[in-house]
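K.L.:
In numbering that gives the first Met the number 0, the protein residues as written are 0 to 260.
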Amino acid sequence: MFSQLVTVLGLAALGAASPAFRNATLAAEALASTTVLSPHAIDCERTVQGLTKADCRYLSSIGFTGPGSNPSSNSAGKIWLGSNGPNIFTFANKANTDVVLVLWDDSNSYASSFVTQYAPKLTVSIAAGGRTTISLANGVTGAWSAVYRGGVAGPTKVSANGQVENTWGEFTTGEWATVDVSRLITMSGNQFSVKVGTGCQADNARCAYVCKSGSTCWLSGSYDLIGCKNQPNNNAWYGGADPEGGCAGWSNGGKIDVEFL
């Protein structure tokens, strides 16, 4: 029951730039301290900017507790829509189906990725062939994933633990800026690529966290970081019980290009 409850939260860690929230004890304590919400439908007649009603209804149908706030300025926090921040992430949809970008940060500690408990920071509709740009302040730790309505891997669902059951991207901005790909929530998720302005790339096979065995993993010793040592400006480190790091070289400001495939 314990291991079933605690699926990896997968945020790139502050300081050492290791994958944080993969500590089973901390994640279990955080989840246990949250109030369990009864399933309810999102009011999609009052959608936020950037999210279509159809996508809102789909998120509601798979268990999201609410949409992101999708702010257009940094007055309400450290993550906002637009390209006027120190860290600019552009998400391009190269898939043959519409997707919803889902992005969360660590404001709810180790439980932030449980979308059945907490609304993410952003839920943005991106039509096939479209793109969206977001800004992040420095000193933010978070992660993103994508909800697909169709495509090769089929419609994206929420896991039994309440997390987006797809490939994740993980990031920390600021002095220890790092970004990586995590396949630990599911090894069969959709693919995407990440390109850092300094030249480092991450995808399903480069600067990616993968399970040593099985389709999902989270415990110490159960995962590896692959294809990162030969990438330019990486900070991969393999000296501890678990690997750490990803694509670096963009301290206190950078440009990240993500393509959903």
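Even glycine gets a Cβ: it sits at the ideal position worked out from N, Cα and C. Predicted model, so just to flag it, every value in this text is computed and none were measured.
Quick one: give me the first and last residue of the alpha helix (DSSP H) that cysteine 210 is part of.
P.N.:
Translated into the one-based positions of the sequence shown, residue 210 becomes position 211. Run containing cysteine 210: none in the alpha helix (DSSP H); it sits in the beta strand (DSSP E), 207-210.
K.L.:
Entirely within the stretch 117-166 and at least 3 residues each: give me those beta strand (DSSP E) ranges in chain order.
P.N.:
Complete beta strand (DSSP E) runs here, min 3: 121-125, 130-135, 140-147.
K.L.:
With H, G and I counted as helix, E and B as strand and the rest as coil, what does DSSP make of aspartate 54?
P.N.:
Position 55 of the sequence shown, counting from 1, holds the residue named residue 54. Three-state result, aspartate 54: helix.
K.L.:
Would you mind listing the alpha helix (DSSP H) stretches within the stretch 49-108 that are 4+ residues and don't spill past its ends, in chain order?
P.N.:
The stretch 49-108 contains these whole alpha helix (DSSP H) runs: 52-60.
K.L.:
What do you get for leucine 218, buried or exposed, if any count of 16 or more other CB atoms within 10 angstroms of its CB means buried?
P.N.:
In the sequence shown, counting from the first residue as 1, residue 218 sits at position 219. Burial call: exposed.
K.L.:
Would you check if the stretch 81-101 and the stretch 122-137 touch, i.e. whether three or more CB-CB distances between them fall below 8 Å?
P.N.:
Yes, the stretch 122-137 is in contact with the stretch 81-101.
K.L.:
Counting only runs that start and end within the stretch 215-259, where is the beta strand (DSSP E) found for 3 or more residues in a row?
P.N.:
Taking only runs of at least 3 residues, the beta strand (DSSP E) segments lying wholly in the stretch 215-259 are 222-225, 253-259.
K.L.:
Nearer than 7 Å: is that true of the beta carbon of isoleucine 61 relative to any heavy atom of the ligand NAP?
P.N.:
For the ligand NAP, the structure offers nothing, since it holds no ligand at all.
K.L.:
Is the number of C-beta pairs between the stretch 74-83 and the stretch 52-60 that are closer than 8 Å three or more?
P.N.:
No, they do not touch.
K.L.:
DSSP three-state label for glutamate 44, please.
P.N.:
On the sequence shown, position 45 is the one that residue 44 refers to. Three-state DSSP puts glutamate 44 in a helix.
K.L.:
Taking the C-alpha atoms as reference points, what is the distance between glycine 188 and proline 231?
P.N.:
In the sequence shown, the residue the question calls residue 188 occupies position 189. In the sequence shown, the residue the question calls residue 231 occupies position 232. Cα-Cα distance, rounded: 26 Å.
K.L.:
In the DSSP assignment, what residue or residues form a beta bridge with phenylalanine 170?
P.N.:
Here residue 170 is taken as the residue at index 171 of the sequence shown, counted from 1. Answer is Gly141, Val178.
K.L.:
Quick one: Cα of threonine 34 to Cα of threonine 115, how far?
P.N.:
Residue numbering aside, residue 34 sits at position 35 when the sequence shown is read from its first letter. Residue numbering aside, residue 115 sits at position 116 when the sequence shown is read from its first letter. For threonine 34, the predicted model reports a pLDDT of 43, less than 50, meaning its position is unreliable; a value from the coordinates is still stated below. Rounded to whole angstroms, threonine 34 to threonine 115 spans 11 Å at the Cα level.
K.L.:
Using the DSSP secondary-structure output, state which residues sit across from phenylalanine 191 in a beta bridge.
P.N.:
Translated into the one-based positions of the sequence shown, residue 191 becomes position 192. Bridge partners of phenylalanine 191: Phe259.
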